[in-house]
Structure formats: C-alpha cells, structure tokens
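Take a look at the structure below.
Numbering (my numbering), first residue to last: 10 to 64.
This is the structure we're talking about:
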C-alpha cells in the first residue's frame, strides 16, 4: 500500500510489480505491506526496508 495516497499494488515478487510502477510514475516512494501480520515498509529511493509506523 502506498504510504502517500493509499493505492494498493502488488509487490516486486508478483509478475506485474504494480507498487513499483506506481512509485516511479507518481513519485510516491514509500510502500507498506497490506498483508495481514506483515509490518514492514519499503523505500524505493533508498532500497531499504524498515518497520511500519507504530512498530
């Protein structure tokens, strides 16, 4: 899920990589996992994972 606008897109392990395409197209670099039980974020600029807000 995009942390800027809330758009839901599949991750890079999926064939279409919608979240990465959205980040590049819209300039929204931070995504958060929308999977239940997963608490991580990813920055497409720095290519680094970090804990979700509130962790």
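The C-beta atom is built at its ideal place from N, Cα and C for all residues, glycine as well.
Determine the DSSP secondary structure at residue 58, reduced to helix, strand or coil.
Sequence index remark: in the chain shown, residue 58 carries index 49 (1-based). Looking at residue 58 - three-state DSSP - the assignment turns out to be strand.
Looking at the strands, I want to know which residues DSSP matches up with residue 40.
Taking the first residue of the chain shown as 1, we reach residue 40 at position 31. According to DSSP, which records beta bridges pairwise, residue 40 is partnered with 11 and 51.
Pair within 8 Å by beta-carbon distance, residue 27 and residue 19:
Residue mapping note: residue 27 aligns to position 18 of the chain shown, counting from 1. Residue mapping note: residue 19 aligns to position 10 of the chain shown, counting from 1. Yes, these two residues count as a Cβ contact at 8 Å.
Residue closest to residue 48, alpha-carbon to alpha-carbon, out of 29, 60 and 55
Translated into positions along the chain shown, residue 48 becomes position 39. Nearest C-alpha to residue 48: 60.
For residue 40, count neighbouring C-beta atoms within 10 Å of its own C-beta (all shown protein chains included) and say buried if the count is 16 or more, exposed if not.
Taking the first residue of the chain shown as position 1, residue 40 is located at position 31. Buried, because 16 or more other Cβ atoms sit within 10 Å of the Cβ of residue 40.
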